[in-house]
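A.B. asks: Got a structure for you, written out below as structure tokens; questions coming shortly.
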Amino acid sequence: MNTQQNLVAFKTIIVKEVMRFLRIWVQTLVPPAIMMTLYFVIFGNLIGSRIGDMDGFNYIEYIIPGLIMMSVITNSYSNVVAAFFNAKMYGHVQEMLISPIPNHVILLGYIGGGMARGILVGVIVTIVSLFFSDLTIKHPLITIGILLMTSMLFSIAGFINAVYAKNFDDISIVPTFVLTPLTYLGGVFYSINLLSDFWQTVSLANPVLYMVNGFRYGILGESDINPWVSFGLIIVFTAGLYTVAYQLLKKGTGTRS
Amino acid sequence: MIPALKINNLKKTYGGNIHALKGIDLEVEKGDFFALLGANGAGKSTAIGIICSLVNKTAGDIEVFGHNLETDREKAQECLGLVPQEFNFNVWEPVLEILLNQAGFYGIDRKTALGRAEELLKHLELWDKRNEQANKLSGGMKRRLMIARALIHKPKLLILDEPTAGVDIEIRRSMWKFLTQLNTAGTTIILTTHYLEEAESMCKNIAIINKGEVVESTSMQNLLSRLSIETFVLDLKEPLDTLPEIEGLSLRQIDAKSLEADIDKSRSLNFMFEGLSKHNIRVMSMRNKTNRLEELFISLVEKDQINETPDIAESIEVQS
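From first to last, the protein sequence lines are chains A and B. Numbering-wise, this note's numbering puts 92 at position 92 of the first sequence, and it's gapless, one number per residue. Here this note's numbering runs 1000 ahead of the position in the second sequence, where the first position is 1.
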């Protein structure tokens, strides 16, 4: 296929994916808004007022970037894992496999769909947060850059999970037992400076820490981690996972018997 | 002339020891209406899956209109359309959206796709259902939707894997008519089916796969000409007390007013009627006992069993 045809195919997959999650907006867009409202009320207003300042910001201001990032991560991931697993499970992935679409276009299309949902949910959560705190973005370009890269990274991770998943349990194991602990321990609710040296070092092995702190730097201008280190690591992770996902698709792992 | 499909030594092994395809060779000419027959598990769907890039091959080569599926994948896939055995569209999407998405996967712009989708849906009597979710369609409509989807990019080679399974006779006949028109217009068609009269009435050439091997590949006419005996069921005017013996004709009584007659194909039907008339047997109506192709199919597929069970070999040889 030529470039124009590849663009048509890419756009088709993205529009199909966006329409899919918009069709079931009650399941995809409303729950994160409700959950984040509860976080803002409980951790921000009720408990946060007793915690006091963190890194020079009141507690609700401090956790807002982390909570936005948490929503982006979970929604980008779950969109792709659910979409691609369903396509495998019900067979309509064959519509793409039989067609001449290059594997890169299939992969980028699904990633685009995951990013669209992650970013849309991020925007919704940001709007909700405005009811609880004034939000000024210190470094807009860094904020947008980290948001896009993180969303892309977890969309790819969701794709890899879907490739290996053989049943519905397999698409919930990673989010429950890996993603949630990494996110909660990734500095969403606290600064790692509060931890002992040992646990600070352990925390540095958590990739989510770099994304949350990079995003926090973009919004608040403060971070436990150098934002350029965050950027660099996210790019390395993204390139690594993209290569793995592409090879899996090319070999037909989980899609071709 | 470049064949529509050329398969050389195609092998597929599952798990290292299950040989689904044992090195099949097949050639389908451009413009052909080709039947690919075989019992369940014979390897038909595996072969189709490999041709359509849904199954990884173990060895062998496939060319679609001269494009090698491995080295010139995109060109080969552009020529192919598949109507699979199982419904495999997203049932939550509207009918029109399914076709437009499929066109998009082939890089066809939306405006062109809309025109083609309208034409196909009208032709297949689904236009009124274009905005319905696919899960609300009846079984026959879902089959027709899969045909429309497979044709949206105007493939030169259309593969239908049991397209009429579970479809009532009226819809089946309208699908036969549509496929025949499509073939006449130049589309090469490969059909797998369990309705052998379907293959016999539409297909020009035929291959039979059994246990992962092509046991026969020839023209339909050539295959059918190999039948040496035909069996008819005769409905009689009066009840028959005693079964007469007529030379050259093997008769079996089903009930008082019906007979089965085996007649060698070298003899005319007049010979049978003359013999029956001599014994004052008057025939009111007659029909073929079984589909002719079915008899051949069974004899070819069971050849392997002949070697394993010599006691039934004789009876099968008589038939073929």
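We treat Cβ as the ideally placed atom computed from N, Cα and C, and that holds for glycine. Keep in mind that this is a model prediction, so the values were computed, not measured.
With distances taken from CA atoms, which of B:Pro1003, B:Leu1037, B:Ile1298 and B:Phe1232 is nearest Val1214 (chain B)?
C.D. replies: When only C-alpha atoms are compared, the closest one is B:Leu1037.
A.B. asks: Helix, strand or coil, according to DSSP, for Gly1248 (chain B) in the structure here?
C.D. replies: Three-state DSSP puts Gly1248 (chain B) in coil, outside helix and strand.
A.B. asks: Just to check my reading of the structure: Ser133 (chain A) and Glu61 (chain A) have Cβ atoms closer than 8 Å, yes? What is that Cβ distance to the nearest angstrom?
C.D. replies: With 8 Å as the limit, Ser133 (chain A) and Glu61 (chain A) qualify as a contact, their Cβ atoms being about 5 Å apart.
A.B. asks: Starting from Gly1104 (chain B), trace the alpha helix (DSSP H) both ways and give me its first and last residue.
C.D. replies: Unbroken alpha helix (DSSP H) run through Gly1104 (chain B): Val1095 to Phe1105.
A.B. asks: Say whether chain B places a C-beta atom closer than 9 Å to the C-beta of Glu222 (chain A).
C.D. replies: Not closer than 9 Å to any Cβ of chain B, the Cβ of Glu222 (chain A) fails to qualify, so no.
A.B. asks: With distances taken from CA atoms, which of B:Phe1087, B:Leu1236, B:Glu1070 and B:Asp1128 is nearest Ile1254 (chain B)?
C.D. replies: Of the listed residues, the one whose Cα sits closest to Ile1254 (chain B) is B:Leu1236.
A.B. asks: Which of helix, strand or coil does DSSP assign to Ile1281 (chain B)?
C.D. replies: In the structure shown, Ile1281 (chain B) sits in coil (DSSP, three-state: anything other than H, G, I, E or B).
A.B. asks: Using a beta-carbon distance below 9 Å, is Gln27 (chain A) in contact with chain B?
C.D. replies: No, because no Cβ of chain B sits closer than 9 Å to the Cβ of Gln27 (chain A).
A.B. asks: Residues of chain B with CB closer than 7 Å to the CB of Ser99 (chain A), please, in chain order.
C.D. replies: Correct list: Gln1077, Phe1105 and Tyr1106.
A.B. asks: What would DSSP say about Gly1016 (chain B), mapped onto helix, strand or coil?
C.D. replies: Correct three-state label for Gly1016 (chain B): coil.
A.B. asks: Using beta-carbon positions only, say whether Ile98 (chain A) and Leu1082 (chain B) come within less than 9 Å of one another.
C.D. replies: Cβ distance < 9 Å, so Ile98 (chain A) and Leu1082 (chain B) count as in contact.
A.B. asks: Let me know the secondary structure DSSP gives Phe237 (chain A) once reduced to three states.
C.D. replies: DSSP places Phe237 (chain A) in helix when its eight states are reduced to three.
A.B. asks: Could you compute how far the alpha carbon of Leu233 (chain A) sits from the alpha carbon of Ile34 (chain A)?
C.D. replies: Cα to Cα, Leu233 (chain A) sits roughly 31 Å from Ile34 (chain A).
A.B. asks: Can you look up Gly66 (chain A) in the DSSP assignment and give me helix, strand or coil?
C.D. replies: The answer is helix: DSSP assigns Gly66 (chain A) an H, G or I state.
A.B. asks: Contact between the stretch 7-25 of chain A and the stretch 102-109 of chain A is defined here as three or more beta-carbon pairs at a separation below 8 Å; is this criterion met?
C.D. replies: Contact holds: three or more Cβ-Cβ distances are below 8 Å.
A.B. asks: Helix or strand or just coil, what does DSSP make of Asp1025 (chain B)?
C.D. replies: Asp1025 (chain B): strand per DSSP, three-state reduction.
A.B. asks: Name the residues in the stretch 75-92 of chain A whose C-beta lies less than 9 Å from a C-beta of chain B; which are they?
C.D. replies: Here the close residues are Asn86, Ala87, Tyr90, Gly91 and His92.
A.B. asks: Is there a Cβ from chain B that is less than 9 Å from the Cβ of Gly122 (chain A)?
C.D. replies: So, not an interface residue.
A.B. asks: Distance, Cα to Cα, Asn1068 (chain B) vs Phe1087 (chain B)?
C.D. replies: The straight-line gap from Cα to Cα measures roughly 28 Å.
A.B. asks: Could you check how far apart the C-beta atoms of Ser230 (chain A) and Gly158 (chain A) are, in whole angstroms? I think they sit under 8 Å.
C.D. replies: Not a contact, Cβ separation roughly 21 Å.
A.B. asks: With a threshold of 9 Å between beta carbons, is Leu1036 (chain B) in contact with chain A?
C.D. replies: Not one chain A Cβ lies under 9 Å of Leu1036 (chain B).
A.B. asks: Is Arg1287 (chain B) helix, strand or coil when you go by DSSP?
C.D. replies: Strand.
A.B. asks: Kindly indicate if chain B contains any beta-carbon less than 9 Å away from that of Arg117 (chain A).
C.D. replies: Not one chain B Cβ lies under 9 Å of Arg117 (chain A).
A.B. asks: Where Asp224 (chain A) and Phe198 (chain A) are concerned, what is the direct C-alpha to C-alpha distance, given to the nearest angstrom?
C.D. replies: Approximately 15 Å between the Cα atoms of the pair.
A.B. asks: So, using beta-carbon positions, are Pro65 (chain A) and Leu182 (chain A) closer together than 9 Å?
C.D. replies: No, they are not a contact pair.
A.B. asks: Rank A:Tyr190, A:Val208 and A:Val72 by C-alpha distance to the C-alpha of Gly52 (chain A) and give the top, closest one.
C.D. replies: Taking only the C-alpha atoms, the option nearest Gly52 (chain A) is A:Tyr190.
A.B. asks: Give me the residue from B:Leu1151, B:Ile1263, B:Glu1238 and B:Asn1017 with the minimum Cα distance to Ile1246 (chain B).
C.D. replies: For Ile1246 (chain B), the nearest C-alpha among the options comes from B:Ile1263.
A.B. asks: Ala1207 (chain B): beta carbon under 8 Å from a heavy atom of the ligand NAP?
C.D. replies: Looking for the ligand NAP in the displayed structure turns up nothing, as the structure carries no ligands at all.
A.B. asks: In chain order, what are the residue ranges of uninterrupted alpha helix (DSSP H) at least 4 long that sit wholly in the stretch 1160-1207 of chain B?
C.D. replies: Fully enclosed alpha helix (DSSP H) runs of 4 or longer: 1169-1184 and 1196-1202.
A.B. asks: Determine the burial state of Glu1252 (chain B): buried for a count of at least 16 other Cβ atoms within 10 Å of its Cβ, exposed for fewer.
C.D. replies: Before going on, a small fix: residue 1252 (chain B) reads as Arg here, not Glu. Exposed, because fewer than 16 other Cβ atoms sit within 10 Å of the Cβ of Arg1252 (chain B).
A.B. asks: According to the neighbour-count rule (16 or more other Cβ atoms, all chains shown, within 10 Å of its Cβ), is Met1284 (chain B) buried or exposed?
C.D. replies: By the 10 Å Cβ count, Met1284 (chain B) comes out exposed.
A.B. asks: Going by DSSP, which residues form a beta bridge with Gly1067 (chain B)?
C.D. replies: Here the sequence assigns His to residue 1067 (chain B), which means Gly is not the residue at that position. Its beta-bridge partners are B:Val1064.
A.B. asks: In whole angstroms, what is the alpha-carbon distance linking Cys1052 (chain B) and Lys1129 (chain B)?
C.D. replies: Going by the C-alpha atoms only, they are around 28 Å apart.
A.B. asks: Does the stretch 1002-1017 of chain B come within contact of the stretch 165-177 of chain A, defined as at least 3 CB pairs closer than 8 Å?
C.D. replies: Judged by Cβ distances under 8 Å, the stretch 1002-1017 of chain B makes no contact with the stretch 165-177 of chain A, as fewer than three pairs qualify.
A.B. asks: Taking the alpha-carbon positions, what's the Ile1108 (chain B) to Gly118 (chain A) distance?
C.D. replies: Cα to Cα, the separation comes out at about 29 Å.
A.B. asks: Does DSSP put Ala1059 (chain B) in a helix, a strand or coil?
C.D. replies: Three-state result, Ala1059 (chain B): strand.
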